[in-house]
Amino acid sequence: MNMVNLTINNVKVSVKEDTSILQAAKQYSMNIPTLCYYEDLNIKSDCRVCVVEIDGKKGLTSACSTPVREGMVVNTNSPRVLNARKTIVELILSNHDTNCTTCVKNMKCELQSLARNLGIDENRFPSVFEKCDIDDNNPAIVRNPNLCIKCGRCVDVCNNVQGTSVLAILGRGHETRVSAVFDEDLNDDFCTFCGQCASVCPVGAITEKDDTDLVWHALTDPKKHVIVQVAPAVRVSLGEEVNQAIGTIVTGKMVTAMKILGFDQVFDTDFTADLTIIEEGNELIQRVTNGGILPMMTSCCPGWISYAEQRYPDILDHISSCKSPQQMFGALAKSYYPQKAGLDPKDVFVVSVMPCTAKKYEAKREEMSVDENSPDIDVVLTTRELGKMIKQMGINFENLKETPFDSPFGITTGAAAIFGATGGVMEAAIRTVYEVVNKKPLESLDFKELRGLEGIKEAEVNLGGSMVKVAVAHTLSMAKVLCDQVREGTSPYAFIEIMTCPGGCIGGGGQPYGTTNKVRQERIDSTYRLDASMTLRKSHENPEVIALYKDFLKEPLGELSHHLLHTHYSDRKNK
Amino acid sequence: MKEMKLVSKRFGKINPLSIDEYINFDGYKNLKKALKMEKTSIIEEVEKAYLRGRGGAGFPTAIKMMGLAKETNKEKFIICNADEGEPGNFKDRYLMENDPHQVLEGMLIVAYATGATKGYIYVRGEYQKSISLLKWSIDEAKKNGYLGKNILGSKFNFDIEVRSGAGSYVCGEEFALIESLEGKPGRTRVKPPFPTSVGLHNKPTLINNVETFSTIPSLIEMGGLEFAKIGTPSSTGTKLISLSGNVKHKGVFEIPYGVPIRDVIYKLGGGIEKDRKIKMVQLGGACGPIIPDYMLDMIIDYERFEEFESKTGAGAIIVMDERFDLFDILLKVVRFFQHESCGKCTPCREGHIQLANLIIKFIERKATVKDIISLESLARVIHQASLCGLGQTSPTAIISSLRYFRDDYIDRIEHPQKG
Numbered sequence: 000m001n002m003v004n005l006t007i008n009n010v011k012v013s014v015k016e017d018t019s020i021l022q023a024a025k026q027y028s029m030n031i032p033t034l035c036y037y038e039d040l041n042i043k044s045d046c047r048v049c050v051v052e053i054d055g056k057k058g059l060t061s062a063c064s065t066p067v068r069e070g071m072v073v074n075t076n077s078p079r080v081l082n083a084r085k086t087i088v089e090l091i092l093s094n095h096d097t098n099c100t101t102c103v104k105n106m107k108c109e110l111q112s113l114a115r116n117l118g119i120d121e122n123r124f125p126s127v128f129e130k131c132d133i134d135d136n137n138p139a140i141v142r143n144p145n146l147c148i149k150c151g152r153c154v155d156v157c158n159n160v161q162g163t164s165v166l167a168i169l170g171r172g173h174e175t176r177v178s179a180v181f182d183e184d185l186n187d188d189f190c191t192f193c194g195q196c197a198s199v200c201p202v203g204a205i206t207e208k209d210d211t212d213l214v215w216h217a218l219t220d221p222k223k224h225v226i227v228q229v230a231p232a233v234r235v236s237l238g239e240e241v242n243q244a245i246g247t248i249v250t251g252k253m254v255t256a257m258k259i260l261g262f263d264q265v266f267d268t269d270f271t272a273d274l275t276i277i278e279e280g281n282e283l284i285q286r287v288t289n290g291g292i293l294p295m296m297t298s299c300c301p302g303w304i305s306y307a308e309q310r311y312p313d314i315l316d317h318i319s320s321c322k323s324p325q326q327m328f329g330a331l332a333k334s335y336y337p338q339k340a341g342l343d344p345k346d347v348f349v350v351s352v353m354p355c356t357a358k359k360y361e362a363k364r365e366e367m368s369v370d371e372n373s374p375d376i377d378v379v380l381t382t383r384e385l386g387k388m389i390k391q392m393g394i395n396f397e398n399l400k401e402t403p404f405d406s407p408f409g410i411t412t413g414a415a416a417i418f419g420a421t422g423g424v425m426e427a428a429i430r431t432v433y434e435v436v437n438k439k440p441l442e443s444l445d446f447k448e449l450r451g452l453e454g455i456k457e458a459e460v461n462l463g464g465s466m467v468k469v470a471v472a473h474t475l476s477m478a479k480v481l482c483d484q485v486r487e488g489t490s491p492y493a494f495i496e497i498m499t500c501p502g503g504c505i506g507g508g509g510q511p512y513g514t515t516n517k518v519r520q521e522r523i524d525s526t527y528r529l530d531a532s533m534t535l536r537k538s539h540e541n542p543e544v545i546a547l548y549k550d551f552l553k554e555p556l557g558e559l560s561h562h563l564l565h566t567h568y569s570d571r572k573n574k
Numbered sequence: 000m001k002e003m004k005l006v007s008k009r010f011g012k013i014n015p016l017s018i019d020e021y022i023n024f025d026g027y028k029n030l031k032k033a034l035k036m037e038k039t040s041i042i043e044e045v046e047k048a049y050l051r052g053r054g055g056a057g058f059p060t061a062i063k064m065m066g067l068a069k070e071t072n073k074e075k076f077i078i079c080n081a082d083e084g085e086p087g088n089f090k091d092r093y094l095m096e097n098d099p100h101q102v103l104e105g106m107l108i109v110a111y112a113t114g115a116t117k118g119y120i121y122v123r124g125e126y127q128k129s130i131s132l133l134k135w136s137i138d139e140a141k142k143n144g145y146l147g148k149n150i151l152g153s154k155f156n157f158d159i160e161v162r163s164g165a166g167s168y169v170c171g172e173e174f175a176l177i178e179s180l181e182g183k184p185g186r187t188r189v190k191p192p193f194p195t196s197v198g199l200h201n202k203p204t205l206i207n208n209v210e211t212f213s214t215i216p217s218l219i220e221m222g223g224l225e226f227a228k229i230g231t232p233s234s235t236g237t238k239l240i241s242l243s244g245n246v247k248h249k250g251v252f253e254i255p256y257g258v259p260i261r262d263v264i265y266k267l268g269g270g271i272e273k274d275r276k277i278k279m280v281q282l283g284g285a286c287g288p289i290i291p292d293y294m295l296d297m298i299i300d301y302e303r304f305e306e307f308e309s310k311t312g313a314g315a316i317i318v319m320d321e322r323f324d325l326f327d328i329l330l331k332v333v334r335f336f337q338h339e340s341c342g343k344c345t346p347c348r349e350g351h352i353q354l355a356n357l358i359i360k361f362i363e364r365k366a367t368v369k370d371i372i373s374l375e376s377l378a379r380v381i382h383q384a385s386l387c388g389l390g391q392t393s394p395t396a397i398i399s400s401l402r403y404f405r406d407d408y409i410d411r412i413e414h415p416q417k418g
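This is how it looks when you write it as C-alpha cells:
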C-alpha cells in the first residue's frame, strides 16, 4: 500500500493512503475530538465536531470523512477551528437537557467530557430545549429524546449492523428527531431490545431500564431470600466498570462483591449453560436420528428469538425448544432450589446479571413462569447496573478477596464459559454431541474455525460416520443470511448458532460502554483463556449437572425437563 | 440593452407540446450532429466552452462529464436537477414549460458523450405543469426515435424518466436528491466519494441543472470556442436571470455574462415600481448575498459573486425597495432555512434557530454589540462547518448584510427605544 506524506499541526506525518485525517492524526498521538464517530461504525460526519482547517480550502473539513492527500497541510487546532468546534458544542448544548447531575450518563457522557475538554463554561446561546415524552413502555430500553443529540450512531447500528431498522431519523431541520419508526414507542412487535443502540449512544438518550432500585429493595427485605445468577460474559467485562483493564477476568472478586451487596447465594449461569447443552444436544441428536426438522437453531439469545418471531415466524419450528440458560436457571430457582434449600418458592427472589438488555424482556415473557403467576426471574440487571451497585456500595473492588460460587449451581465447565462468545454455544454443543453420538472422546476440544469476529463461520463434524455441517452467525444482519437459506430450504447446515450482538454476549447491549471490535476481541480472548484453564471442559462431565438429573430431572428431554426447561415461540408478525 | 437569446430562443415561438415545431426550429439537429462526433470530442467542446453549472455552484461541466465517461460500470446515470426550490428562481420552470425538448436533447448529448445508460429528471413536486409537459415530450421523443433503443439508427440507447420530490428544498442538493430518488428521506451524504463515482444506487452519476443541459445543444451548434467568446473569461455563455421583487417587469431574461446588475433591473426590468429607491437586492436566491444600491454596477460573473464567500450563480435577482426592512427580510430568510435544513449536521440543524433569535433581538431593538459579534461568528461557523451546500450558503445573506448594511445594525443598537 502506498504511503502518503502530509503535515498535521506542523508535524510531518506519513500514513497509508485512504487513511482519514482523523486516523492519521491519531497515529501520531494527536486526538481530534469527535462525537458522532464510533469505531467500527459508518462515518456519518454529522456532528461536525472534528472539523479541521486544510491549507487552500476556504471552509472547514470534517477529519473523520476526509482521506489524506499527498502534501496536505492540516491544522486541527487553529483559532478558527477551535471557535467552530466550541460553537458547535454550544449549539448542541442549547438544545439539550443539561441537568447533568440527574442524568444516568453523568460522568460517562461523551458530550459532557467534550464540553469540559473544550473549556465551555458558558453557553452563548439561549436554551431552545423543549421537553418531550420519554419512551419507557417496555421492560428493557428507555429512550429519552430530551438528551438526544441526533448523532445517528444508534440508527446506524440498528439499520446497518442489525439490519432491523427500528430506529430512524424523523423530521427535518430543527424538528429532526431520532425515533422508532412512525414515532411509535419501542415495543416487541418490531424491536428485539438488543440494546446495541444503548451501547453506542454517546449521551443518556438510550439506556437500559434501570432496575437497581428493585434489587436494593429486595436485598433490604428480611423476608426475601435473594439469590443471583451471573452470565458467562459478565466476568470478562465487569472489570471495565470498576477500573480494571479490558478483558480482566474478575470471577472471584465479582462473587465477593455480590456477597457484600447482600445476596444470600451467588450462583453461576454457566451451570445452566451446561444444562442447556445437555438438553439442546439431545434435542439435536433426536432431530437428526428421527428425521426431525433441520437445521436446528439455538435458542439462548432472546434478541434472536424476538427477531425470529417478528420476521421469520415461518421457521420457528427450526428453533430449539430449550429455554435460555437464564430461564432454565429461573425455572430451577423457583422449583428445585427451594425444595432442596427448604424454602417457600414465594420467598425466593431471583436476580440475574446479564450482559444483555433483551434478557430483561425475556424474563417478563409470560411463558417464563413456573407457577404461572410470578416470573421465574424477578429482576434482570445488566453488567453496567451491577457495576453501578458496586460503586453505590462503595466497594473497593481491586482489593477484594476471591470467593467461589455457591452450590448447587456453582460447578461449571469450560464449555459453559465460552457461551459468551460468538461460536461458543456451537463449540460447547459439539464437544458433547460428538462424544455422545460417537461414544469416544474428542481428540481436540478446540474448534478454532468457530471462533473470532467473522460474521458467519462454519465447521464440519463427524457424527456417527457422516459429516455434518454447522454454522454460526452473530449480528441480526448476518442471522438474516442464514434465516433466508432456512426459509428457502437451501440451508446446508444441521445446526446453526445465532447471537444477536456483535461478538456474541461479550458484546451485548448491557456491557460496559466503549465496546469496539478491539474490546470484543479482548473479552473473547479472556473467555477462551478461562475455558483452557478449567479442569472440566465438557458439559456432560459437570458433576452437579449429573447430580441434578439423578436427583431431580431424571433424564434429558424427560417430562420434568419438558415442563421446566423447554418453551415455545409465537408468530408475532401475523398475530 | 437587449437580451441575448440562446437557450430561450424558442420561448413563445413554438408550441411546447409539439415535437414537430421543435424539430422545425433546429430541434434535435445538434443531437444528430453529436451522434456523428467522437464522444471525447463532444466533451472537448464543452471543455473549450468552459461551461459551468447553472444550478448555483458553477462547477465545470466538462470535468463532471470526464468523470462519468471514465467510469466503466455497466450502468451509469444522468440526472437533470429540476428541483428548482431556491426562492426567487423560476428560470428552470420556464425552460421546461417553454422548451421541454431542449432539456431532453441536452441530456441525450451528454448521455451519449459519457456512455450513460439511463436518465432521470427530478422535478420539483410543485411544478405539475413541467412534470406533465416533460412526460408528454418524452413520449413524443420515443415515438419519433429520439429516445429508446438505437436512437436515430445509431447504437446509442437511452431512456429518460420523470420523478418528483415531496417538496423539500434540500433535495436540490445533489446527494439529497439522489437519496430522494432512491426513496429515502432527502438528506445529504458524506463526500467523498462524489456522485460521478458513487451516485444513484451507488452507480456513477452525473447531475446537472436544467439550464446546463438546455445550454448543451447551442454549445454543440456553435462549437466550444465560439461559445466561450460570449460572456467574460471566468463566465462564458449566457445566463437566464429570474428577476422578481419590486420591478416593473418581472420575469426570465437571458443575458450574456458580464452585464451589470443595474442594467438588468432598469433596462430589462423597467426599473422600480412607482420609481421608488432600492433598499437592497438579493442575488441568487435566499442563499445569496444582500447588497445595497451602490453595488448594483457589479457585473454578473462567477468570479465577482465568489467575493461574497458563497457560490451563487442560480441567477435570481430579487429587488426590494425602500419600504422593506433589512431585519424582516433576514428573519424570513433564516426561518426558511431553519425549516428546510435536513437536520443531519449540527451547525445547520441547531444554528438557524439561534440566528433567528439574534435577528429578533435586532427587530425588537434589544440587541447589543455582543450580539453583532455572536451573529457574525455563528453565521461564519454555519457557513464554514456545515456538511452540504445548504448550510454552507444559508448564512450568506447575514454575512453580506453585516458587511454592507452595518449602519442598520448600529442604528438598532444605538436607538433601543426608537420604533
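First to last, the protein sequences are chains A and B.
Mind the numbering: the first sequence is residues 0 to 574 in numbering that gives the first Met the number 0, read in order.
Mind the numbering: the second sequence is residues 0 to 418 in numbering that gives the first Met the number 0, read in order.
Heads up, the beta-carbon is just placed ideally off N, CA and C, and yes, glycines get one too.
For this session: Could you tell me whether any Cβ in chain E is nearer than 8 Å to the Cβ of B/GLY350?
Result: Considering every chain present, this structure includes no chain E. Its protein chains are A and B.
For this session: Run the CB neighbour count on B/LYS154, radius 10 Å, all protein chains shown included, and call it buried at 16 or more, exposed below.
Result: exposed
Exercise. Are the C-beta atoms of B/LYS343 and some chain A residue less than 8 Å apart?
Worked result: yes
Exercise. Nearest to A/VAL249 by alpha carbon, out of A/ASN398, A/TYR311, A/THR297?
Worked result: Taking each of A/ASN398, A/TYR311, A/THR297 in turn and checking the Cα distance to A/VAL249, the smallest one comes out for A/ASN398.
Exercise. Using the beta-carbon count (16 or more within 10 Å), is B/MET0 buried or exposed?
Worked result: Result: exposed.
Exercise. Considering only residues of the same chain and omitting the five flanking positions on each side of A/VAL10, which have a CB-CB separation below 7 Å?
Worked result: TYR27
Exercise. Under 8 Å between the Cβ atoms of B/LYS247 and B/GLY270?
Worked result: Contact flag set, yes.
For this session: Compare the C-beta of B/LEU103 with all C-beta atoms of chain A and state if any pair is closer than 8 Å.
Result: no
For this session: Return the residue from the list B/LYS47, B/ASP98, B/ILE108 that minimises the CA-CA distance to B/TYR21.
Result: If we check each option's Cα against that of B/TYR21, B/ASP98 comes out closest.
Problem set entry | Range covered by the alpha helix (DSSP H) that runs through B/TYR408 | 405-413
For this session: Compute the Euclidean distance between the alpha carbons of A/VAL265 and A/PRO144, then round it to the nearest angstrom.
Result: 37 Å
Problem set entry | Minimum Cβ-Cβ distance from B/PRO394 to chain A less than 8 Å | no
Exercise. Looking at A/LEU481 and A/ALA472, is the spacing between their C-beta atoms short of 8 Å?
Worked result: yes
For this session: Please classify A/GLN264: does DSSP put it in a helix, a strand, or coil?
Result: strand
For this session: Classify A/HIS539 as buried or exposed, calling it buried when 16 or more other Cβ atoms lie within 10 Å of its own Cβ.
Result: buried
Problem set entry | Three-state secondary structure (DSSP) of A/HIS565 | Looking at A/HIS565 - three-state DSSP - the assignment turns out to be strand.
Exercise. So what does B/ARG51 bridge to, in DSSP terms?
Worked result: B/PRO59
Exercise. Should B/TYR293 be labelled buried (16 or more other beta-carbon atoms within 10 Å of its own) or exposed?
Worked result: exposed
Problem set entry | Selected residue, minimal CA-CA separation from B/SER399, among B/ILE409, B/ALA378, B/VAL169, B/GLN337 | Cα-wise, what sits closest to B/SER399 is B/ALA378.
Exercise. In three-state terms, what does DSSP make of B/ALA421?
Worked result: Since the first and last residues shown for chain B are 0 and 418, residue 421 of chain B lies out of range.
For this session: Measure the CB-CB distance between B/ILE240 and B/VAL263 and report whether it falls below 8 Å.
Result: yes
Exercise. So the beta strand (DSSP E) A/TYR433 belongs to, where does it begin and stop?
Worked result: Element bounds for A/TYR433: not the beta strand (DSSP E) but the alpha helix (DSSP H), 423-437.
Problem set entry | Span separating the alpha-carbon of A/LEU535 from that of A/GLU279 | 19 Å
Problem set entry | C-beta neighbour in chain A for B/SER421, strict 8 Å | Residue 421 of chain B is absent from the structure shown; chain B starts at 0 and stops at 418.
Problem set entry | In chain order, each beta strand (DSSP E) run of at least 3 residues that lies wholly inside the segment 214-295 of chain A | 224-229, 264-267
For this session: Return the CA-CA distance between A/GLY422 and A/GLU448, expressed in angstroms with no decimal places.
Result: 9 Å
Exercise. Using DSSP with H/G/I as helix, E/B as strand and the rest coil, what is A/LYS456?
Worked result: strand
Exercise. Would the segment 336-353 of chain A and the segment 219-229 of chain A be scored as touching if the rule is three or more Cβ pairs under 8 Å?
Worked result: yes
For this session: Can you check DSSP and say which residues form a bridge with A/ASP134?
Result: According to DSSP, A/ASP134 bridges with A/ARG142.
For this session: Measure the C-alpha to C-alpha separation of A/VAL51 and A/LEU40 and round it to an integer number of angstroms.
Result: 21 Å
Exercise. Which runs of the alpha helix (DSSP H), 4 residues or longer, sit entirely within the segment 243-327 of chain B?
Worked result: 301-305
Problem set entry | Burial state of A/ILE292 (16 or more Cβ within 10 Å) | The Cβ neighbour count for A/ILE292, taken over all protein chains shown within 10 Å, is under 16; the residue is labelled exposed.
Exercise. Count the other CB atoms within 10 Å of the CB of A/CYS193; is the residue buried (16 or more) or exposed (fewer)?
Worked result: buried
Exercise. Closest to A/LYS149 by CA distance: which of A/HIS95, A/GLY463, A/THR65, A/ASP316 is it?
Worked result: Closest by alpha carbon: A/HIS95.
Exercise. Are B/ILE254 and B/THR237 close, meaning C-beta to C-beta below 8 Å?
Worked result: Yes, the pair counts as a contact, with Cβ atoms nearer than the cut-off.
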